[in-house]
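In this note's numbering, the protein residues as written are 82 to 214.
Quick reminder that beta carbons are idealized off the backbone N, C-alpha and C, glycines included.
First comes the structure, then the notes that go with it.
What follows is the structure, given as C-alpha cells:
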C-alpha cells in the first residue's frame, strides 16, 4: 500500500505568500517605528524643533509601538489570520480578486512606510539646512 499525496486545498499557496508579504511589510514598519524614529525624535527634542503634524503623529505612534509592542504583535497576528482567510476565500472564487487584495494591502503598507520616512526626514533636512548657515 502506498500513501497517496493529497495536494493542499486550492488557494493555499496564494494565501500563504500573500500573508508572508504582508507580514514582512508589517515587520518593516515595526522596525521603522522602533529603531529608526526614536533617534530622530531625540534630535528633534535636543534642538527644540517645531514639528509638522505628520512628524508629531509618527513620533507619537513610535512611542506607542515601543510601549505596547506585545499587544500590537497580538493584533498583527489576528489581522494576518484574517488576511489569510480573506485571501483564501477570494482565491477560491477567482485568482484576480485575491491578487488585487494582496497588491492593495502591500501598496498601502509601502506607502505608509514611505510617508513615515518622509515625515522623519523632512524636519531632519530642515535642521541640516539651518545648521549649515
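Query, Result
"Grab me the residues of residue 171's own chain with a C-beta within less than 7 Å of its C-beta, minus the 5 sequence neighbours each way, in chain order.", "178, 179, 182"
"On the premise that residue 159 lies in contact with residue 107, defined as a C-beta separation below 8 Å, what is that separation, rounded to the nearest angstrom?", "In fact, because the Cβ distance is near 12 Å, the residues do not count as touching under 8 Å."
"If you measure between the beta carbons of residue 220 and residue 122, is that distance less than 8 Å?", "The first residue shown for the chain is 82 and the last is 214, placing residue 220 beyond what the model contains."
"Pop quiz: residue 199 and residue 110 are said to be a contact at Cβ under 8 Å. What is the actual Cβ separation, rounded to whole angstroms?", "Contact doesn't hold; Cβ gap of about 14 Å is too wide."
"With C-beta atoms as the reference, is residue 168 less than 8 Å away from residue 100?", "yes"
"Let me know the secondary structure DSSP gives residue 175 once reduced to three states.", "coil"
"Span of the alpha helix (DSSP H) holding residue 144?", "134-148"
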